[in-house]
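Enquirer:
There are 2 protein chains.
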Amino acid sequence: MGNESHSRNSSQPTWMGVRDAIHTRILRRDYGPGARLPRDEELAGEFGCARTTVQRAMRDLQDRGLIERRRKGGTWVRHHPLTRATFEIPVIRQEVEEKGCTYGYQLVHQAVAMPPLEVQANFGNWPTEPMLQVQALHLADHRPYMYEDRWLCLQTVPALGTVDLSRQSANEWLVHHQHYDRCDLRLYAHKVTAHEAGLMGVASAEAVLVLERTTWIESRLITSVRTLTRPDYQLLATT
Amino acid sequence: MGNESHSRNSSQPTWMGVRDAIHTRILRRDYGPGARLPRDEELAGEFGCARTTVQRAMRDLQDRGLIERRRKGGTWVRHHPLTRATFEIPVIRQEVEEKGCTYGYQLVHQAVAMPPLEVQANFGNWPTEPMLQVQALHLADHRPYMYEDRWLCLQTVPALGTVDLSRQSANEWLVHHQHYDRCDLRLYAHKVTAHEAGLMGVASAEAVLVLERTTWIESRLITSVRTLTRPDYQLLATT
DNA sequence: TTGACTTTTATGTTCATGCTTAATATTTTA
DNA sequence: TAAAATATTAAGCATGAACATAAAAGTCAA
Chain R
12 MGNESHSRNS SQPTWMGVRD AIHTRILRRD YGPGARLPRD EELAGEFGCA
62 RTTVQRAMRD LQDRGLIERR RKGGTWVRHH PLTRATFEIP VIRQEVEEKG
112 CTYGYQLVHQ AVAMPPLEVQ ANFGNWPTEP MLQVQALHLA DHRPYMYEDR
162 WLCLQTVPAL GTVDLSRQSA NEWLVHHQHY DRCDLRLYAH KVTAHEAGLM
212 GVASAEAVLV LERTTWIESR LITSVRTLTR PDYQLLATT
Chain U
12 MGNESHSRNS SQPTWMGVRD AIHTRILRRD YGPGARLPRD EELAGEFGCA
62 RTTVQRAMRD LQDRGLIERR RKGGTWVRHH PLTRATFEIP VIRQEVEEKG
112 CTYGYQLVHQ AVAMPPLEVQ ANFGNWPTEP MLQVQALHLA DHRPYMYEDR
162 WLCLQTVPAL GTVDLSRQSA NEWLVHHQHY DRCDLRLYAH KVTAHEAGLM
212 GVASAEAVLV LERTTWIESR LITSVRTLTR PDYQLLATT
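Quick note, the sequences are listed as chains R and U, same order. The first sequence runs 12 to 250 under my numbering. The second sequence runs 12 to 250 under my numbering.
Put into structure tokens, the structure is as follows:
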């Protein structure tokens with residue numbers, strides 16, 4: 012079962028070896044759900060390694076949602092081990108080109124306006140101000156691949172006022188000129204409207220995955236974007 | 012901007028302090044996209060800390076997808092910092108009860124059969140065998156909350172043959188009796204069929220989020236489940 | 001030029017030790 | 001008895017030093 016595969020040799024356990032050993036014990040219910048694990052020091056003694064090594068193993072198990080650690084409290088096996096899925100949200104051009112397609116871009120609409128309430132809902136306390144709305148299509152081999160409806164904060168990124176968004180996507184400009192340090196994400200299914208269906212070239216009322224992203228830099232709003240994918244789009248998780 | 016908030020004091024930077032300092036430099040393009048960072052040792056010298064501390068900071072930045080590290084190669088700022096979103100897939104009963112609703116369960120269909128090709132697609136090399144199919148509804152306050160279409164591997168978990176799945180959901184039984192060490196996940200939008208719409212109590216052709224999960228234990232298939240959520244269901248990411 | 005070997009190098013891992021800190025138990029006080 | 005002060009505990013953090021390892025660069029020969 013490979014629970015020894017992470018040790019250099021049997022007398023010198025690596026942190027992965029320790030992790031796997033403890034993981035196995037949890038799976039085998041030697042340490043059952045809700046149970047308290049021995050102190051790091053004891054385990055270190057048992058495995059014949061330093062406490063640092065046990066700690067490294069424990070951090071990994073904690074990151075995977077298997078255990079919970081509290082100062083003084085100790086270490087506990089979670090009652091319901093979390094299933095934590097990590098998706099990588101791709102940079103669109105890159106994703107398209109990696110599929111061997113030609114990337115294209117087409118501006119649909121651009122205007123300064125007041126964001127509607129459902130968009131403002133993503134902004135928390137950020138004051139309501141007119142923003143730059145940009146609707147655009149991302150193309151793969153000249154066919155619609157993704158539609159985005161974006162609101163840009165000109166207060167935070169004034170430079171955007173001077174960018175020609177009919178030639179370059181806001182997405183791309185931002186990637187190159189404006190980093191963020193916070194990103195809120197929301198994912199849901201959506202029945203496309205007739206207008207959206209026309210733009211995307213899909214049947215009306217088709218179900219598509221929507222990815223809503225709001226990014227910030229140093230607590231200042233940058234942009235909020237709602238992305239419609241194609242009906243067959245799938246997001247794969249790497250656990 | 013809080014980049015000093017993680018230091019105990021200015022002369023003794025913690026690993027979070029070092030991390031934030033480097034992060035800031037990346038945001039400010041002192042270390043631009045694709046740039047190579049100084050060696051850990053140099054940075055340690057600069058920050059006046061041990062190499063271990065720099066390493067801890069670096070690992071965090073790496074986990075966040077901001078940098079890439081290679082042995083011998085060194086440390087590099089990623090050209091396109093990854094947006095890595097982490098979702099927590101909830102245990103259904105728990106999720107329902109946390110919303111203050113009563114959890115309920117209702118078996119819809121159960122039979123041993125050959126899984127169709129689109130289900131087998133999730134199984135990789137796993138040999139094609141008859142499996143136990145279970146279709147069931149999860150209820151919140153007696154109203155449909157989630158519909159699952161599940162295939163269970165009786166070879167890997169023979170005990171399932173003796174469980175009364177009209178009283179207890181397979182989900183719940185598995186959580187309590189069968190852990191997994193691998194979980195493949197797939198997420199997409201789906202237009203509900205008339206049959207599904209009837210079961211879920213939603214309008215026909217409504218768009219819903221589908222969560223497909225396949226779990227394994229020690230390289231042996233446990234189960235593959237396709238979960239339909241309600242149309243208004245949203246998955247929130249914690250970045 | 002190509003392929004096989006060797007050296008170099010920056011990250012990766014482990015260790016022993018000491019201190020810090022948050023949470024919990026215990027004791028004291030009102 | 002409850003609230004406040006205090007002690008204890010187990011994880012968290014930092015250090016310096018040593019060794020491991022994979023990948024890159026360099027060397028050499030066919």
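Just so it is clear, CB atoms sit at the ideal spot from N, CA and C, and this is done for glycine as well. On a predicted model such as this, the values are computed, not experimentally measured, just so you know.
In angstroms with no decimal places, state the Cα-to-Cα distance between PHE134 (chain R) and ARG40 (chain R).
Expert: Between the alpha carbons of PHE134 (chain R) and ARG40 (chain R) lies a gap of roughly 45 Å.
Enquirer: What are the residues in the stretch 72–98 of chain R lying within 7 Å of chain U by C-beta distance?
Expert: Of all residues in the stretch 72–98 of chain R, only HIS91, LEU93, THR94, ARG95, ALA96, THR97 and PHE98 come within less than 7 Å of chain U when Cβ atoms are compared, listed by chain position.
Enquirer: Between which two residues does the beta strand (DSSP E) harbouring ALA61 (chain U) extend?
Expert: Here ALA61 (chain U) belongs to no beta strand (DSSP E), and DSSP marks it neither H nor E.
Enquirer: Buried or exposed for GLY28 (chain U), please, with buried defined as at least 16 other CB atoms from any protein chain shown within 10 angstroms of its CB.
Expert: buried
Enquirer: By the 10 Å Cβ neighbour count, where 16 or more other Cβ atoms means buried, how is THR204 (chain U) classified, buried or exposed?
Expert: exposed
Enquirer: I'd like the ranges of any beta strand (DSSP E) spanning at least 3 consecutive residues and lying wholly in the stretch 114–174 of chain U.
Expert: The stretch 114–174 of chain U contains these whole beta strand (DSSP E) runs: 114–124, 142–151 and 154–163.
Enquirer: Under 9 Å Cβ-Cβ, which residues of chain R neighbour CYS112 (chain U)?
Expert: Result: empty, since nearest Cβ-Cβ is about 18 Å, beyond 9 Å.
Enquirer: Given that GLN245 (chain R) touches chain U, what residues does it touch there, using C-beta distances under 8 Å?
Expert: ARG197, LEU198 and TYR199
Enquirer: Taking the straight line between their C-alpha atoms, what separation do you get for VAL219 (chain U) and TYR158 (chain U)?
Expert: When the Cα atoms are used, VAL219 (chain U) and TYR158 (chain U) turn out to be separated by approximately 11 Å.
Enquirer: Who are the near neighbours of LEU247 (chain U) in its chain, counting only those whose CB is closer than 8 Å to its CB and skipping five residues on each side?
Expert: PHE98
Enquirer: Along chain U, in chain order, which residues have C-beta atoms closer than 8 Å to that of ARG193 (chain R)?
Expert: THR250
Enquirer: Give me, in chain order, the residues of the same chain whose beta-carbon lies closer than 8 Å to that of THR167 (chain R); leave out the 5 immediate sequence neighbours on both sides.
Expert: ILE228, ARG231, LEU232 and ILE233
Enquirer: With 16 as the cutoff for other CB atoms within 10 Å, does ARG161 (chain R) come out buried or exposed?
Expert: buried
Enquirer: Hey, how far is the Cα of LEU185 (chain R) from the Cα of ARG70 (chain R)?
Expert: Here the alpha carbons of ARG70 (chain R) and LEU185 (chain R) stand approximately 34 Å from one another.
Enquirer: Taking 8 Å as the cut-off, does the stretch 78–90 of chain R touch the stretch 34–49 of chain R (at least 3 CB pairs, one atom from each stretch)?
Expert: yes
Enquirer: Verify whether the separation of the beta carbon atoms of PRO200 (chain U) and THR238 (chain R) is less than 9 Å.
Expert: The amino acid occupying residue 200 (chain U) in the given sequence is Ala; Pro does not appear at that position. Against a cut-off of 9 Å, the Cβ pair of THR238 (chain R) and ALA200 (chain U) comes out as no contact.
Enquirer: Mind checking whether the beta-carbon of ASP51 (chain U) lies closer than 8 Å to any heavy atom of the ligand ADP?
Expert: Of the ligands one can find in the structure shown there are none, so the ligand ADP has no counterpart to examine.
Enquirer: Would DSSP call HIS188 (chain U) helix, strand or coil?
Expert: helix
Enquirer: On the DSSP bridge list, what partners appear for THR238 (chain R)?
Expert: DSSP lists R:GLU159 and R:LEU222 as partners of THR238 (chain R).
Enquirer: Quick check on DSSP: helix, strand or coil for GLU229 (chain U)?
Expert: coil
Enquirer: Determine contact between the stretch 127–147 of chain R and the stretch 115–135 of chain U, defined as no fewer than three beta-carbon pairs at a distance below 8 Å.
Expert: Fewer than three pairs of CB atoms, one per stretch, sit closer than 8 Å, so the stretch 127–147 of chain R makes no contact with the stretch 115–135 of chain U.
Enquirer: Sorted by chain position, which residues of the same chain lie with C-beta nearer than 6 Å to LEU93 (chain U)'s C-beta, five sequence neighbours on each side aside?
Expert: For LEU93 (chain U), where only same-chain residues beyond five positions count, the Cβ hits under 6 Å are GLY76.
Enquirer: Go to THR41 (chain R), then tell me how far its beta strand (DSSP E) extends in each direction, as first and last residue.
Expert: Residue 41 (chain R) is actually Asp in this sequence, not Thr. Note, ASP41 (chain R): premise wrong, no beta strand (DSSP E); not H, not E.
Enquirer: Do LYS202 (chain U) and GLU223 (chain U) have their beta-carbon atoms positioned less than 9 Å apart in this structure?
Expert: no
Enquirer: Is VAL213 (chain U) buried or exposed, if buried means 16 or more other CB atoms sit within 10 Å of its CB?
Expert: buried
Enquirer: Please report the residue range of the beta strand (DSSP E) in which HIS201 (chain R) lies.
Expert: 193–202
Enquirer: Could you pull out every residue in the same chain whose Cβ sits closer than 8 Å to the Cβ of ALA151 (chain R), ignoring the five residues on either side in sequence?
Expert: VAL107, LYS110, CYS112, THR113, TYR114 and GLY115
Enquirer: Can you give me the C-alpha to C-alpha distance between ASN182 (chain R) and ARG154 (chain R), rounded to a whole angstrom?
Expert: 18 Å
Enquirer: Three-state secondary structure (DSSP) at ALA55 (chain R)?
Expert: Note: ALA55 (chain R) maps to helix in three-state DSSP.
Enquirer: Using a Cβ cut-off of 8 Å, pull out every chain R residue sitting near GLN105 (chain U), in sequence order please.
Expert: HIS91
Enquirer: For the putative contact between ASP195 (chain R) and THR225 (chain R), defined by C-beta atoms under 8 Å, what is the C-beta separation to the nearest angstrom?
Expert: 5 Å
Enquirer: Assign ARG104 (chain U) to one of three DSSP states: helix, strand, or coil.
Expert: helix
Enquirer: Can you check DSSP and say which residues form a bridge with ARG82 (chain U)?
Expert: Within the DSSP bridge table, the entry for ARG82 (chain U) names no partner.
Enquirer: Quick check: LEU118 (chain R) and MET142 (chain R), are their CB atoms within less than 9 Å of each other?
Expert: no
Enquirer: Which value, in whole angstroms, describes the spacing of the CA atoms of TRP26 (chain U) and ASP243 (chain R)?
Expert: 43 Å
Enquirer: State the DSSP-derived secondary structure class of ARG95 (chain U), mapped to helix, strand or coil.
Expert: strand
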